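I have placed the structure first, in the form of structure tokens, so that the comments after it can refer back to it.
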């Protein structure tokens, strides 16, 4: 994993009704990698809705809107194949601000989640202390 330039994230769930973000995409975000996702419809759209930036400035992410799994996944794989033919230095220059944004956001989300859980624990257990 540490010797790769990009990530092809094959998520656990392929439902078109919801997106379930796992460590698979988080690992790519933390490692500052461009990622292409094999998952349900609107996975990227839903990821963007919580503040992450994806890589539509480099690859064609229209696959995310396709309802049919096989077609969507085939389109995603075409983007992965195309990406492997491109100059990495050119790609990284285009995506660097997005990588930085995502890395910062995931760090803040983890801290906020931990703080929220700790606060809830303290409220619930206050009477027991």
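Numbering (this note's numbering), first residue to last: 259 to 387. We put the CB at the ideal spot given by N, CA and C, even for glycine. The model shown is predicted, which means the values in this text are computed figures rather than measured ones.
With contacts defined by Cβ atoms closer than 8 angstroms, residue 267 and residue 295 form a contacting pair. DSSP places residue 263 in the coil class of the three-state scheme, outside both helix and strand.
Contact annotation: residue 319 and residue 302 have beta-carbon atoms nearer than 8 angstroms.
In this structure, the beta-carbon distance from residue 307 to residue 286 does not fall below 8 angstroms. In the DSSP annotation of this structure, residue 317 is not part of any beta strand (DSSP E), being labelled neither H nor E.
Pairing residue 310 with residue 360, the inter-Cα distance amounts to about 6 angstroms.
The beta carbon of residue 325 is closer than 8 angstroms to those of 274, 299 in its chain, skipping five residues each way along the sequence. When secondary structure is reduced to three states using DSSP, residue 308 falls in the coil class, being assigned neither helix nor strand. Here DSSP, grouped into helix, strand and coil, assigns residue 295 to strand.
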